[in-house]
Amino acid sequence: MAQEVIKIRGGQTLKGTVNNHGAKNSAVAIIPASILAEDKVTINGLPEISDVETLVSLLGDLNIKTELDGSTLNVDPTEIENAPLPNNKVESLRASYYMMGAMLGRFNKCVIGLPGGCPLGPRPIDQHIKGFKALGAEIDESSETSMQLVADKLVGANIFLDMVSVGATINIMLAAVRAEGQTVIENAAKEPEVVDVASFLTSLGANIKGAGTSTIKIMGVPHLHGSNHQVIPDRIEAGTYMCIAAACGEDIEINNIIPTHLEPLAVKMKELGVDLTMEDDSVKIKRKPTYNSVDIKTLVYPGFATDLQQPITPLLFLTDGVSFVTETIYPARFKHVEELQKMNADIHVDNGTATVKPSTLKGAEVYASDLRAGACLIVAGLLAEGVTTIYNVKHIYRGYTNIVKTLSALGADIWTEEI
Ligand code: EPU
Numbered sequence: 001m002a003q004e005v006i007k008i009r010g011g012q013t014l015k016g017t018v019n020n021h022g023a024k025n026s027a028v029a030i031i032p033a034s035i036l037a038e039d040k041v042t043i044n045g046l047p048e049i050s051d052v053e054t055l056v057s058l059l060g061d062l063n064i065k066t067e068l069d070g071s072t073l074n075v076d077p078t079e080i081e082n083a084p085l086p087n088n089k090v091e092s093l094r095a096s097y098y099m100m101g102a103m104l105g106r107f108n109k110c111v112i113g114l115p116g117g118c119p120l121g122p123r124p125i126d127q128h129i130k131g132f133k134a135l136g137a138e139i140d141e142s143s144e145t146s147m148q149l150v151a152d153k154l155v156g157a158n159i160f161l162d163m164v165s166v167g168a169t170i171n172i173m174l175a176a177v178r179a180e181g182q183t184v185i186e187n188a189a190k191e192p193e194v195v196d197v198a199s200f201l202t203s204l205g206a207n208i209k210g211a212g213t214s215t216i217k218i219m220g221v222p223h224l225h226g227s228n229h230q231v232i233p234d235r236i237e238a239g240t241y242m243c244i245a246a247a248c249g250e251d252i253e254i255n256n257i258i259p260t261h262l263e264p265l266a267v268k269m270k271e272l273g274v275d276l277t278m279e280d281d282s283v284k285i286k287r288k289p290t291y292n293s294v295d296i297k298t299l300v301y302p303g304f305a306t307d308l309q310q311p312i313t314p315l316l317f318l319t320d321g322v323s324f325v326t327e328t329i330y331p332a333r334f335k336h337v338e339e340l341q342k343m344n345a346d347i348h349v350d351n352g353t354a355t356v357k358p359s360t361l362k363g364a365e366v367y368a369s370d371l372r373a374g375a376c377l378i379v380a381g382l383l384a385e386g387v388t389t390i391y392n393v394k395h396i397y398r399g400y401t402n403i404v405k406t407l408s409a410l411g412a413d414i415w416t417e418e419i
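So in the UniProt record's numbering, spot 10 of the sequence shown is number 10, and the numbers just go up one at a time.
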C-alpha cells in the first residue's frame with residue numbers, strides 16, 4: 001500500500017510567523033467530555049489533526065451529531081445512545097481512554113476497546129481503573145480486546161493517585177462530575193490541559209475546585225448543560241516550533257502562546273543561550289550558530305515536559321560540549337536515538353539517560369516511531385546536510401496541524417511524497 005513520507009533538504013534559513021493551534025492534549029479530552037453535556041456544545045480553537053478527527057468519528061458512533069469545520073466543532077448530544085466502542089478507531093489513539101470516564105459519567109456504563117497510541121513503552125491505566133472503582137464501578141477485563149465498566153450509581157470518593165498522571169486525573173474528573181457527593185483527587189496532575197478540561201466542565205455547570213493544584217475537589221451535580229469553550233494554545237506545538245526556530249530560524253515569531261506554560265522550555269533555552277524574547281502572547285527567536293551544553297530532566301508540570309524532550313534534542317548537537325537528557329516520565333521514550341544515529345549523530349542511551357555530543361547531521365532515511373520522535377526528526381532534518389526521508393509520518397499528523405505547509409511557508413525545503 002502506498003504511504004506518504006516527508007522529505008527535507010536541510011540547511012535552509014527559516015523566517016516568518018507561526019500561528020500556534022489549540023492544545024492536542026486538551027482537545028482529546030474535551031471532545032469526549034462533551035458527551036457529559038445534555039445540550040449543544042461548541043468547541044473552538046481545536047487543532048486540525050487526525051486525533052481530533054478520530055474522536056469526532058467516535059462521537060458519531062454514539063449517535064451524537066457533530067459538525068467539524070476547521071478548528072470549530074459543534075456537538076449535539078441530545079440523541080446520544082450508549083453503544084459499545086470496541087473498534088479500530090479506539091485503538092488508534094491513546095486518548096480514547098477518556099471515553100471511559102465520560103461514558104461512565106453519562107451512562108454508568110461503558111464497553112470500549114483497549115486504548116492504543118504512541119509506543120512509549122508500557123503505559124498502564126491502573127490509576128484510571130483505581131479511580132473508577134473507588135467511585136463504584138465494576139470493571140470486567142476478561143476480554144483481551146475490550147473492557148466493560150458498569151456502576152449501579154457513581155458515588156464521590158477520596159482517591160490518592162500513586163503517581164502523578166494527566167490521564168488518570170482527567171478521567172476521574174470526567175467520571176466524578178455527575179457522581180453523587182464529593183470526590184477528592186489527591187496527588188493530581190497540575191498540567192495546563194487538566195485545568196483546561198476542568199474549565200470546560202465548569203462551563204457545563206460542573207463544580208470543580210483546585211484544578212492546577214495537587215488536590216482537586218469535585219462536587220457532583222445531576223445535570224450538565226451546553227456551552228461554548230475555547231481550547232488553550234498548545235504548549236508542545238509552540239515548543240516544537242521554538243526548537244525549530246533556535247535550530248534554523250533567522251527571525252521567527254510564534255503567536256497564540258501562553259508564556260507561563262512555556263516557561264520550563266524558555267528557561268532551558270536561555271541556559272542553552274538561545275536568543276528568545278517573550279511577549280504577551282507570542283515569542284520571538286533568532287538562532288545562534290552554537291549553544292552551551294545543558295542537562296535536561298523531564299518532570300511533571302511545571303518541570304520540563306517529556307513531550308519536548310525529543311524535539312529539543314537536535315539543538316544539543318549544536319553545543320560546545322556533552323549534554324545529558326534524562327527521561328523520568330517514560331524511560332523508554334528514546335526511540336528517536338537510533339534514527340538520529342543514522343543521521344551521523346553522536347548520541348547514546350543508557351538507563352533512561354541520553355548522552356549527546358556535538359555532531360554534524362547528515363540526511364538519512366529515518367522512521368518516526370511516535371509523534372514527538374517524528375517532531376525531533378523534523379528538527380534534525382532541517383539541520384542536516386542533504387535530504388532526510390521520514391517514514392511512518394502518520395504519527396506526526398496525529399499531533400501537528402499542517403506542519404509541512406507551515407515549515408514550507410517559513411522557507412524550509414520540505415515536501416511529501418507517496419511511495
Ligand atoms: N501511569 C501509570 N498508570 C496509570 C497512568 C499513568 O503507571 O494509570 C504512568 C505512565 O506510564 C507514565 C506516567 O504515569 O509513566 C505519566 O503518565 P500520564 O498518565 O501522565 O500520561 P498520559 O495521560 O497517558 C499524557 C499525554 C502525553 C504526555 C503525558 C505526560 C495525552 C493524551 N497524552 O499522557 O502526551 O506525554 O501526559 O505529560 O494527554 C504526546 O502528546 O506526545 C503525549 C504522549
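A virtual CB, placed ideally from N, CA and C, is assigned to each residue, including glycine.
Hey, out of the options, whose CA is closest to residue i's CA?
{"i": "Val56", "options": "Leu93, Gly10, Phe200", "result": "Leu93"}
{"i": "Gln3", "options": "Asn392, Gly399, Lys405", "result": "Asn392"}
{"i": "Ala380", "options": "Gly205, Ile329, Ile312", "result": "Ile312"}
{"i": "Ile31", "options": "Ser323, Glu141, His229, Lys209", "result": "His229"}
{"i": "residue 422", "options": "Ala266, Leu36, Leu316, Ile244", "result": "The question about residue 422 has no answer here: the residues shown for the chain are numbered 1 through 419."}
{"i": "Leu316", "options": "Leu272, Gly70, Ala409", "result": "Leu272"}
{"i": "Tyr97", "options": "Asn158, Thr169, Asn187", "result": "Thr169"}
{"i": "Lys405", "options": "Ile396, Gly399, Trp415", "result": "Trp415"}
{"i": "Thr202", "options": "Val177, Ala188, Pro222", "result": "Val177"}
{"i": "Glu365", "options": "Ile390, Ile347, Val349", "result": "Ile390"}
{"i": "Asn292", "options": "Val300, Met1, Pro358", "result": "Pro358"}
With H, G and I counted as helix, E and B as strand and the rest as coil, what does DSSP make of residue i?
{"i": "Asn171", "result": "helix"}
{"i": "Glu79", "result": "helix"}
{"i": "Lys288", "result": "coil"}
{"i": "Pro222", "result": "coil"}
{"i": "Val325", "result": "strand"}
{"i": "Val5", "result": "strand"}
{"i": "Thr145", "result": "coil"}
{"i": "Ile185", "result": "strand"}
{"i": "Phe334", "result": "coil"}
{"i": "Val294", "result": "coil"}
{"i": "Lys153", "result": "coil"}
{"i": "Val194", "result": "helix"}
{"i": "Ile390", "result": "strand"}
{"i": "Pro358", "result": "coil"}
{"i": "Gly249", "result": "strand"}
{"i": "Ile216", "result": "strand"}
{"i": "Glu271", "result": "helix"}
{"i": "Pro84", "result": "coil"}
Whose C-beta lies closer than 6 Å to the C-beta of residue i among residues of the same chain, with five residues either side of it excluded?
{"i": "Cys110", "result": "Met100, Met103, Leu104, Leu149"}
{"i": "Thr298", "result": "Phe304, Thr306, Gln309, Glu327, Thr328, Ile329"}
{"i": "Gly16", "result": "Leu410"}
{"i": "Asp76", "result": "Lys40, Lys65"}
{"i": "Ala151", "result": "Asn108, Gly136, Ala137"}
Near residue i, which residues of its chain fall below 7 Å by C-beta distance, leaving aside the five closest residues on each side in sequence?
{"i": "Lys286", "result": "Gly249, Glu250, Asp251, Asp275"}
{"i": "Gly181", "result": "Val155, Gly156, Gly220"}
{"i": "Ala27", "result": "Leu46, Pro47, Val52, Val231"}
{"i": "Thr290", "result": "Leu318, Thr319, Asp320"}
{"i": "Ala246", "result": "Met269, Val274, Ile285, Arg287, Leu315"}
What's the gap between the Cα of residue i and the Cα of residue j?
{"i": "residue 446", "j": "Arg106", "result": "The structure shown does not extend to residue 446, since the chain is modelled only from 1 through 419, so no value can be given for it."}
{"i": "Lys89", "j": "Gly70", "result": "21 Å"}
{"i": "Ile257", "j": "Gly352", "result": "30 Å"}
{"i": "Leu382", "j": "Lys362", "result": "10 Å"}
{"i": "Pro86", "j": "Ala384", "result": "43 Å"}
{"i": "Arg372", "j": "Leu161", "result": "26 Å"}
Using a Cβ-Cβ cutoff of less than 8 Å, which residues in the same chain neighbour residue i once the five nearest sequence positions on both sides are dropped?
{"i": "Glu67", "result": "Leu73, Asn74"}
{"i": "Ile80", "result": "Ile35, Leu62, Asn63, Ile64, Arg106"}
{"i": "Phe324", "result": "Asp295, Ile296, Thr353, Ala354, Thr355, Val356"}
Since residue i is in the beta strand (DSSP E), which residue starts that stretch and which ends it?
{"i": "His348", "result": "346-350"}
{"i": "residue 445", "result": "Residue 445 lies beyond the range of the chain shown here (1 to 419); nothing can be said about it."}
Which residues bound the alpha helix (DSSP H) around residue i?
{"i": "Asn25", "result": "24-33"}
{"i": "Gly101", "result": "98-107"}
{"i": "Asp307", "result": "306-312"}
{"i": "Asp126", "result": "126-134"}
{"i": "Asn88", "result": "88-92"}
{"i": "Thr406", "result": "403-409"}
{"i": "Asp51", "result": "50-60"}
Is residue i near the ligand NAD, in the sense that its beta carbon is under 7 Å from a heavy atom of that ligand?
{"i": "Asn44", "result": "With respect to the ligand NAD, the structure shown offers nothing to examine, as its ligands consist of the ligand EPU."}
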